[in-house]
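Each number in the numbering used here corresponds to the 1-based position in the sequence shown with 888 added. From the three backbone atoms N, C-alpha and C, an ideal C-beta is built for every residue, glycine too.
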Amino acid sequence: MGFSMTLPQVRTRAAQLLWALCVLFALFLALGALTFALSANADNGLVSFVRSVAGWVDLGVFSRDNGIKQFTGDNADVKNALFNWGIGAIFWLVLGRVLDRVVRP
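Structure representation (structure tokens):
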């Protein structure tokens, strides 16, 4: 009466987990960018947490400070966050979909 899963079931669960994790990472990047677009209070604990996690999942490649494209001038922080973290969110969604297709039976 033990619990057992077949290999296809394990692969399906792993694919679902990978997809969910990548969606979560993309969500943090999108929410982080939104906090800049809406000029959210950076001293707020939730805003600080979202921005911190987004800074971690941007992998340095999609960083606001040293990302793919750097804007200068008026609203540079907002533009950098929207562009770089937006591209990062798309990256995580594409990667998640590719991993889902590769792992799923």
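In this structure, does DSSP put residue i in helix, strand or coil?
i: V938; result: helix
i: T960; result: coil
i: L926; result: coil
i: F913; result: helix
i: V949; result: coil
i: N954; result: coil
i: T894; result: coil
i: N968; result: helix
Do the CB positions of residue i and residue j come within less than 8 angstroms of each other?
i: F916; j: V938; result: yes
i: A903; j: V991; result: yes
i: V987; j: L906; result: Checking the sequence, you will find Leu at residue 987 rather than Val. Result yes, Cβ atoms of L987 and L906 sit closer than 8 angstroms.
i: G955; j: C910; result: no
i: F950; j: F979; result: yes
i: P993; j: R899; result: yes
Might you give, ordered along the chain, the residues of its own chain that have their beta carbon closer than 6 angstroms to the beta carbon of residue i, omitting 5 neighbours on each side?
i: F959; result: K967, N968
i: L919; result: V938
Leaving out the 5 sequence neighbours to the left and right, which residues in its chain are closer than 8 angstroms to residue i when beta-carbon positions are compared?
i: S936; result: A930
What are the start and end residues of the alpha helix (DSSP H) that includes residue i?
i: F979; result: 974-991
For residue i, I'd like the list of residues in its chain whose CB is within less than 7 angstroms of its CB, leaving aside the five on either flank, ordered along the chain.
i: L947; result: none
i: L934; result: none
i: A977; result: A914, L917, A918
Practice task
Check whether the stretch 971-985 touches the stretch 942-952, taking contact to mean three or more Cβ pairs, one atom from each stretch, closer than 8 angstroms.
Solution key: yes
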